[in-house]
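In this text, residue positions in the sequence shown follow this note's numbering: the first is 7, and each later residue adds one. Just so you know, even glycine gets a beta-carbon here, dropped at the ideal spot from N, CA and C. To keep things clear, I will list the structure first and then write my remarks on it.
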Amino acid sequence: MNGRKIMNMNTGWLYSASDNTGAHLPEFDDSRFERVGIPHANTVIGAHKGEDFQKYIERYRFVSWYRRHFSLPAECCGKRIIIGFEGVATVAEVYVNGKPAGSHKGAYTGFEFDITDRVSFDGDNVVAVRVDSTKHPDIPPEGGDVDYCLFGGIVRNVTLTAVSPVYISDVFLTAPGLGPQGGKVRSAVSVRNTTGETKVLSVETAIFDKNGAEAARTVSGEASVKDGGSVTFDTDEIKNPRLWSVDDPYLYTAEVSLLENGEKIDTVETKIGLRWFEFTDTGFYLNGEKLKIRGVNRHEQWPWQGRAIPDKLQARDADMVKGTGFNAVRCSHYPQSPAFLSRCDEIGLIVFEEAPGWQHVGDSEWQEIYKTNIEEMILRDRNHPSVFTWGVRVNESWDNRELYTATTALAKALDPTRPTHGVRRNENYDSTEMIEDIFCANYIYPEVPRLRPFISSEHSWEHWTDGCGLPWATDAQAAEFTKSFADVVDYYYSNDNCLGGFAWSMFDYDNEVNYTRTGHVFYSGMYDIFRHDKPVSHFYRSQTESAEKPELYIASYWTESSPADVEVYGGCDEVELFVNGVSVGRIKPNLYMNVPHPAFKFKNVKFEAGTLTAVGYIGGRERVRTERKTPGPAAGLSAVPDYGTLTADGSDMTSVTVELLDENGTRLPYAADLVSIEIEGPADFIGENPIALEGGRAAFLIRSRFGQTGTVACTVSAAGVRSGRCEIAVNEYNDETSVPC
Ligand code: GAL
């Protein structure tokens, strides 16, 4: 083997939901452990809301053990072996063949240990992880109430990497001085040299475009490198680079290699995006162009599984954010999964990232962990072009000059290329001092902010307790909910003193504190907890600048109780509305006039059951049309999976949406029927059975079983209507990089 080999260690784990004595020892009898795949939730939360949910959230607070037997492929011989965990909630103690390898505190940042001295290269090995998911007031974000759940388990990927005894331990690629005509890529490369001897090494950085054509290849001079040494050098000029932007998120591939006597002994590959940006008092500029930040806050959380979901669903969330018309996402309130961030790089989302924390700052030990988490976040993510700023203040905490001066300095030392930001609660607005570069505050919309550059880090008019955000909200409530976001978007588009904002929030989410008294679900999302759309998401969609076919959405279910004023969201110059084929008018936009695509409000439209049709015009020509039909009596259920095929790796999963429809296929938007679910075939059901529809819809998850292929049939039924059915194919799992058991 030349260079490094990164192996997948997600399969073949054994799990026990108790704090077994001696489980770290190789000879421990784990025959009663359950076979699981990673990412793994220490317990499946049995309900997604209400009192039952309350019972379950207390149940994820326990200690569990994970064990993985493994042997090393012959090619690993003579290499260093490193085990890497992307995220364990909350405290991990790792043992290899009975010997401690290291421990880690914090549910949201990854860690790795060099386990070379503890493994056998020609025999059986076992790694055992004690996972403590109990309450940890000593570790951020805990110590006070937290308005979300941490969940438990090995919730993100595990890898095993084999590298040469002298290897690259870190690469940081920047492009200082980059401009439209070109620039050089600076490589700062840290080296781990485990040989005990000083080595004479050089480093090569090669940059390739998407077609594999070389954009630059430069070798540093030779240097004597001890353990922990580093080499920094610039590549040759890359002329006329294709820049990374939200509309064209172009990525180059960088290959950074360590050379000894001219021979490559280790290579690290990473994607990079070339872009420059600036936050000024009156604007955010990306590659010199002014851009309003139209963002949303995202929690990493799913019903039943908590945070333990495969990469493809993490990436899907990023796609949904982008697809809803946002150009930015705030990772509230912790570093999110690497798969989510990589997808943000690929699709062009601006990321505001922040260290774990929520309103509470603990004692000095707590603060040390907070700083360590900041360091881990920046070291992990500083090559992502999508990441634009580091959040180094605990979300909505009060001022703390000493701590935030230190965290700001830490961020600057680790990454001089990015600004820092800190999110204030609105009660702190009048007294807070500026320590970071960007001033962020939640739920406050000043004409001229006290401090600038200013960004509204959370916004909406807080309709969280009055039902407006419910998935079964009436048309009038939903319009009020949309207004609560659209008014703020309108504010920041009309005011250069505000660089933009982040809506609260992308998805409804489970929370422990339940301060809204809404059954432990916070109904603040553009989408419900199952990721089904609410009308407000279409207001944002209609703001997309470059849509081939503009969004056109009639924000009415057109029932007898629908308000007489009908709102239409669309990226059009004019809209004409028809009731059962008869025009009620063709109008220009008249609502939220400062946003890129203002909305349309048709007044006093007389209800008549049937079809509402909206026709959108651009430049006088019809560009798009859409319909909305009054729902008739319930006729049947549908079951539609997000993914029709799964891989039999034991952790791949898909959500299946259930809807109650009338004869025309129109959803019954207020149906709350109880639906029973039957699954046949080689996969696990995760969800509630029966489940009550919310706004005529619900969902469940299907997870593959390791090594079991075939067809999974899902049948959903409810009293008095036709059943629905879908099939999901589970294909063979075949990952050559998987570590043998
Ligand atoms: C903010 C907080 C968010 C969320 C939101 C809704 O104060 O930063 O995490 O709790 O309120 O209540």
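Query	Result
Name the residue from Ala-321, Ile-44, Trp-308, Pro-147 whose alpha carbon lies nearest to the alpha carbon of Asp-516.	Trp-308
State the CB to CB distance for the pair Ile-734 and Pro-647, rounded to an integer number of angstroms; the pair is presumed to be in contact (CB under 8 Å).	5 Å
Can you confirm whether the stretch 63-70 touches the stretch 178-193 when touching is taken to mean that 3 or more C-beta pairs between the two stretches lie within less than 8 Å?	no
Mind reading off the beta-carbon distance from His-465 to Phe-358? Whole number of angstroms is fine, and I expect it under 8 Å.	With 8 Å as the limit, His-465 and Phe-358 do not qualify as a contact, their Cβ atoms being about 14 Å apart.
Any heavy atom of the ligand GAL closer than 7 Å to the beta-carbon of Asn-401?	yes
Going by Cα to Cα distance, which pick from Thr-276, Val-429, Asp-405 is closest to Asn-303?	Val-429
If we count the other Cβ atoms within 10 Å of its Cβ and call it buried at 16 or more, is Tyr-154 buried or exposed?	buried
Would you say the beta carbon of His-339 is closer than 7 Å to some non-hydrogen atom of the ligand GAL?	yes
Quick one: what does DSSP say Val-367 is sitting in, helix, strand or coil?	coil
How would you label Asn-448, buried or exposed, when you count the other beta carbons within 10 angstroms and need 16 or more for buried?	buried
Starting from Phe-239, trace the beta strand (DSSP E) both ways and give me its first and last residue.	236-240
Mind checking Glu-295: buried by the 16 CB within 10 Å criterion, or exposed?	exposed
Go through the stretch 93-126 residue by residue and report every complete run of the beta strand (DSSP E) that reaches 3 residues or more, in order.	97-102, 105-111, 117-120
Per DSSP, which residues does Glu-266 bridge with? Please list them.	Leu-207, Glu-269
One question on the structure: do Ala-620 and Ile-560 come within less than 8 Å of each other, judged by their Cβ atoms?	yes
Whose C-alpha, out of Leu-355, Glu-402, Gln-342, is nearest the C-alpha of Ile-380?	Gln-342
Examine the Cβ distances between the stretch 368-379 and the stretch 108-125 and report whether three or more of them are shorter than 8 Å.	yes
Could you please give me the residues that DSSP links to Trp-310 through a beta bridge?	In the DSSP output, where bridge partners are listed per residue, Trp-310 has none listed.
Whole angstroms are fine: how far does the CA of Ile-356 sit from the CA of Gly-129?	47 Å
Just to confirm, are Ile-51 and Gly-312 a CB contact at a threshold of 8 Å?	yes
For Leu-674 versus Leu-680, is the C-beta spacing smaller than 8 Å?	no
Per DSSP, which one or two residues make a beta bridge with Lys-418?	Looking at the DSSP assignment, Lys-418 forms no beta bridge with any residue, so it has no partner.
Exposed or buried, Asn-389, counting other C-beta atoms within 10 Å across all chains shown (16 or more means buried)?	buried
Could you check how far apart the C-beta atoms of Phe-608 and Ile-593 are, in whole angstroms? I think they sit under 8 Å.	7 Å
Compute every distance between the C-beta of Ser-530 and the non-hydrogen atoms of the ligand GAL, then say whether any falls below 7 Å.	yes
Tell me Asn-14's beta-bridge partners as DSSP assigns them.	Thr-165, Ser-744
Helix, strand or coil: which one does DSSP assign to Val-527?	strand
Given the structure, does Glu-243 come close to the ligand GAL, in the sense that its CB is under 7 Å from one of the ligand's heavy atoms?	no
Should Val-722 and Ile-683 be called a contact, given that it needs their Cβ atoms to be closer than 8 Å?	yes
Who does Pro-255 pair with in a DSSP beta bridge?	Trp-250
Thinking just about the alpha-carbon of each residue, which of Gly-687, Met-659, Tyr-676 is nearest to the one in Leu-319?	Met-659
Tell me which same chain residues have a C-beta within less than 6 Å of the C-beta of Val-495, skipping the five on either side of it?	Val-601
Near Val-133, what residues of its chain come up, given a Cβ to Cβ distance below 6 Å and the 5 sequence neighbours on each side ignored?	Arg-74, Val-102
By the three-class DSSP mapping on this structure, what secondary structure does Lys-141 have?	coil
If you run the structure through DSSP and keep just helix, strand and coil, what is Arg-631?	strand
Does the stretch 7-24 come close enough to the stretch 155-174 to have 3 or more Cβ pairs within less than 8 Å?	yes
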